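In my numbering, the protein residues as written are 2 to 301.
First up is the structure itself, then whatever we jot down about it.
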């Protein structure tokens, strides 16, 4: 089955201090995006849709998209503040788009088949893409269906500051029952994990890194939910419409069952600029182990 990869690359990168989507981490100037696309191609994805901002479009296409356009069909869409449902209105003085759910809706014009949506600045690993691809291959695109690839919390922390993570709850059958956004997560010197708004976090808690597999039908619900979200929260300048808001409501209203797919992949990311050397070291280790070539898009 044809599968689309949607990559959310419109983030501001405020904590990182730059456009981390375009920052190289591999020996041949590969970005994290390069490794995600490479793993996706190996897992059978046939199309990549990049959600970007107009002001970085030219640099993005030249430094990222041009590398692999012969290996996978590449499309670009823009996440713009003004992209809202008919009948909704923009609040004055808002400058920032509406979050990951809004990014997903911004890509809807390019989605006609089961799709996987990810963050541009997260290194997910080959096993994560294989698990997602296998699920998508068995998906009926005409029904509302979804899965989440979950990572161990201990493998998703930064040594250079706190992070926000979606903590997953699931039943005994491996069906997701909810995702709670937890802020300010960090590991302190004692080895204990602390957070701003939750106690008792454990190393082996399963977390969402925004690696969601969806059927196209989910977009219809998301559009309706976004319209209602804007009516209730649109006047709040910092309100955001996250993918977990969509998923939690679909679960609550029994319109969706979400399979939780646990992966053996170790996550790497650059939440802070100080994280970059650790990501580079991790990738070098994978190359030394033969998991990736030194030049992803050159001769292997």
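Just so it is clear, CB atoms sit at the ideal spot from N, CA and C, and this is done for glycine as well.
Quantities reported herein were computed from a predicted structural model and do not represent experimental measurements.
query	result
By DSSP, does residue 285 sit in helix, in strand, or in coil?	helix
Taking 8 Å as the threshold, find out whether the region 257-275 comes into contact with the region 123-137 through three or more Cβ pairs.	yes
Under a three-way DSSP split, which group does residue 46 fall into?	coil
Spell out a yes or no on whether the region 185-196 and the region 139-159 are touching, meaning 3 or more CB-CB pairs, one atom from each, closer than 8 Å.	yes
Per DSSP, what kind of secondary structure is residue 339 in: helix, strand or coil?	Given a span of 2 to 301 for the chain in the structure shown, any question on residue 339 remains unanswerable.
At the level of alpha carbons, what is the spacing between residue 134 and residue 94?	41 Å
Assuming residue 101 and residue 9 are in contact, meaning their beta carbons sit under 8 Å apart, how far apart are those beta carbons, in whole angstroms?	6 Å
Terminal residues of the continuous alpha helix (DSSP H) containing residue 10?	It is not in any alpha helix (DSSP H) - residue 10 carries neither H nor E in the DSSP assignment.
Comparing C-alpha positions only, which one of 193, 173, 165 and 76 sits nearest to residue 182?	165
Quick test of the definition: if touching needs 3 or more C-beta pairs under 8 Å, does the region 251-265 touch the region 139-151?	yes
Identify the continuous alpha helix (DSSP H) that holds residue 105 and give its terminal residues.	101-107
Need the endpoints of the beta strand (DSSP E) that residue 215 sits in, please.	207-215
Since residue 136 contacts residue 262 with CB under 8 Å, what's their CB separation in whole angstroms?	6 Å
Which class does residue 68 belong to by DSSP, given the choice of helix, strand or coil?	helix
Let's test the definition: count the other Cβ atoms within 10 Å of the Cβ of residue 29 and tell me whether it reaches 16, buried, or not, exposed.	exposed
Are residue 169 and residue 219 closer than 9 Å when you measure CB to CB?	no
May I ask you to list the residues that DSSP assigns as paired with residue 63?	Note: residue 63 sits in no beta bridge, so no partner.
Whose C-alpha, out of 60, 24 and 69, is nearest the C-alpha of residue 38?	69
So residue 242 and residue 230 are in contact, right, with Cβ under 8 Å, and what is the actual spacing, rounded?	5 Å
Quick one: what's got a C-beta closer than 6 Å to residue 118's C-beta in the same chain, skipping five residues either side?	7, 105 and 213
Compute the Euclidean distance between the alpha carbons of residue 283 and residue 292, then round it to the nearest angstrom.	11 Å
In terms of residue numbering, what span does the beta strand (DSSP E) encompassing residue 116 cover?	116-120
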